[in-house]
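Notes follow once the structure below has been shown.
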Amino acid sequence: MLFTGEYEHTVDAKGRLAIPSEVRSRLDPAVHGRGLYLAPGPSDALWLWPAKTFEQMAAASEGSLLPDEDMLEFEELLYSQSTHAELDSAGRIRIPERLLNMAQLGSNVVLLGVKDHLELRDAQRWATQRDERLAQQADIMVRARQAMQRRGQTREGH
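In this note's numbering, the protein residues as written are 3 to 160.
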């Protein structure tokens, strides 16, 4: 599933966030699973993954019974801090207070569609970051193109 867009929302006093109907209407429980996994992301963000996508990513990283130390640290941090959230009848999920605190999120938030996942960020901090990135858009696009070319060369080399 491809997530796009930017949605301003609020987290209510009970820690609930309404998932936009535009996003909910595209989530098919048979394809994407029930609910979303919430995981801490970089830059004071919470990442939201469709249940089956998150579970498939977890299964794909199971290469050995003894993962290397870097992968073990990553998995311990990611999975111990992640949680599953079911959508209620009003299309809301409840975000645990510990995750809200970890991402430094108050009541005014923005939900971003970022390719294969959603990101929940503080609305004011995101507005500042977005404006800074828009001012650097040409440079960011050049660096992204170079990264894609390197990935293509790496894949061709194997």
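Idealized CB from N, CA, C, for every residue including glycine.
Could you please give the first and the last residue of the uninterrupted beta strand (DSSP E) stretch that includes residue i?
i      : result
Val116 : Asn110 to Val116
Thr85  : Thr85 to Ala87
Arg28  : Taken as a continuous stretch (DSSP letters only), Arg28 belongs to no beta strand (DSSP E), as it is neither H nor E.
Thr6   : That residue, Thr6, is in no beta strand (DSSP E); it is neither H nor E in DSSP.
Ala47  : Ala47 to Pro52
Leu19  : Arg18 to Ala20
Ile97  : Here Ile97 belongs to no beta strand (DSSP E), and DSSP marks it neither H nor E.
Taking the alpha carbon of residue i as the point to measure from, which residue in the options has its own alpha carbon closest?
i     : options                       : result
Arg36 : Asp46, Asp141 and Glu57       : Glu57
Arg94 : Phe5, Gly7, Thr6 and His11    : His11
Glu88 : Ile142, Trp51 and Arg147      : Trp51
Ser84 : Ser91, Leu74, Pro98 and Glu75 : Pro98
If you drop the 5 nearest sequence neighbours on each side, which residues of the same chain put their C-beta closer than 8 Å to that of residue i?
i     : result
Arg28 : Met3
Ser1  : As displayed, the chain neither begins before 3 nor continues past 160, which places residue 1 out of reach and without an answer.
Report back the beta-carbon spacing between residue i and residue j to the nearest angstrom; my notes put them in contact at under 8 Å.
i      : j      : result
Ala125 : Asn103 : That belief does not hold up - the Cβ atoms of Ala125 and Asn103 are roughly 17 Å apart, past 8 Å.
Ala53  : Arg123 : That belief does not hold up - the Cβ atoms of Ala53 and Arg123 are roughly 22 Å apart, past 8 Å.
Arg96  : Gly17  : 5 Å
Leu40  : Leu101 : 6 Å
Leu120 : Leu113 : 6 Å
On the CB-based measure, 16 or more other CB atoms within 10 Å of its CB, does residue i come out buried or exposed?
i     : result
Tyr81 : exposed
Ala1  : Shown here, the chain extends from 3 to 160; a query on residue 1 therefore has no answer.
Val33 : exposed
Leu79 : exposed
Leu38 : buried
Looking only at its chain, what residues have a beta carbon closer than 7 Å to the beta carbon of residue i, apart from the 5 residues adjacent to it on each side?
i      : result
Thr6   : Gly115
Lys117 : Leu4 and Phe5
Ile142 : Arg135
Ala62  : none
Ignore the nearest five residues each way along the sequence and tell me which others in residue i's own chain have a CB closer than 6 Å to its CB.
i      : result
Ile21  : Gly93
Gly154 : none
By the DSSP assignment, the alpha helix (DSSP H) with residue i in it spans what residues?
i      : result
Asp124 : Unbroken run through Asp124 is the beta strand (DSSP E), His119 to Asp124; no alpha helix (DSSP H).
Ser40  : According to the sequence provided, residue 40 is Leu. The question's Ser does not apply to it. From DSSP, Leu40 is part of no alpha helix (DSSP H) but of the beta strand (DSSP E) over Leu38 to Gly43.
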